[in-house]
Amino acid sequence: KVLDAEDVTTFGIVIRKQQSHTKADLDAEKTLKPITSDPHDDHFQNLMLDEIQDNVLGDLCDPNGKFGNLIVKASPTQQAGVHAPCPHYTDAHKCNADPGCEWHSASDACNDSPCIAHCDETSCVKDTANLCRWNGTDCWKETKCAYTDKTDCVSSPDLCVWDSNGVCVEPPCTPNKNQADCEADKDGCAWVTQGTATVCVVEPCSSAYQAVCVSDPACKWDYPLCGNTTQLQCMDKGCAQFGTK
């Protein structure tokens with residue numbers, strides 16, 4: 004009860020020497036299992052020694068594992084656990100959708116957001132460069148496109164995109180906060196000056212996403228007149244070699 008009051012999740016493991024369960028193993032389970040968190044079956048395992056690596060140690064960071072499912076937060080909208088360890092993400096969009104992570108294109112890796120290093124509201128809200136936001140107890144990166152509904156996602160004023168994995172993500176290029184990451188981004192990005200700020204934007208009329216494409220009045224989403232492809236793509240409205248098919 005003390006641990007529950009402190010919001011501590013308690014797991015239990017009985018480690019036995021052989022395949023069969025001895026009386027000592029069963030007695031240990033009877034004693035240990037009731038003091039694990041509810042539901043007890045989800046927070047307890049009775050394993051042989053050589054099963055620990057695969058079923059416990061290798062499972063802790065896997066959102067599909069028995070214990071990992073309770074420890075790892077597979078998405079920003081999932082309530083159980085904490086956010087997934089950032090290196091767990093190999094996709095830039097999924098990485099940036101996690102409020103605790105950010106993608107670095109230059110190193111092609113997902114790293115911790117600087118926001119999670121802030122332990123108090125004052126330092127958190129001052130970190131506007133990293134888009135940090137205080138949620139009342141913790142500091143997280145602001146996620147502009149944390150929609151779970153496709154209609155809400157694509158109609159967002161932030162030009163959010165519903166990707167092929169069924170996840171609402173920020174438009175390409177915008178999450179990059181420095182020139183190196185911007186120019187290394189595989190979405191075709193450019194580091195440009197807009198007013199007094201330098202930002203990362205999609206190269207004109209090169210976005211692979213319709214919403215981002217048509218937001219630029221110089222671009223259109225259409226079929227190419229030339230070439231063998233019948234796939235819609237973003238193109239310059241004034242480009243002579245393209246037309247409506």
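So in our numbering, the last spot in the sequence shown is 248, and the numbers never skip. C-beta atoms are modelled at their ideal positions from N, C-alpha and C, and glycine is treated no differently.
Under DSSP, the beta-bridge partners assigned to Cys203 are Trp194. Taking one beta carbon from each stretch, the stretch 135-155 and the stretch 204-219 have fewer than 3 pairs nearer than 8 Å; the two do not touch. The beta-carbon separation of Glu105 and Ser116, rounded to 5 Å, stays under the 8 Å limit for a contact. Assigned with DSSP and collapsed to three states, Asp239 falls in strand. Non-local beta-carbon contacts of Gln48 in its own chain, meaning distances under 6 Å to residues more than five positions away in sequence, involve Ile16 in chain order.
Annotated as distal: Cys208 and Cys176, with beta-carbon spacing of 8 Å or more. Approximately 19 Å separates the beta-carbon atoms of Asp166 and His107; this is outside 8 Å, ruling out the contact. For the set Cys222, Gly198 and Thr199, the Cα lying nearest the Cα of Glu206 is the one of Cys222.
Secondary structure at Asn58: helix, using DSSP grouped into helix, strand and coil. Cβ neighbours of Leu52 within its own chain (closer than 7 Å, five residues either side excluded): Ile18 and Lys20. Residues Trp194 of the same chain have their beta carbon placed closer than 7 Å to that of Gln182, with the five preceding and five following residues left out of the count. Judged by beta-carbon spacing, Pro90 lies beyond the 8 Å limit of Trp143, meaning their Cβ atoms are not closer than that value.
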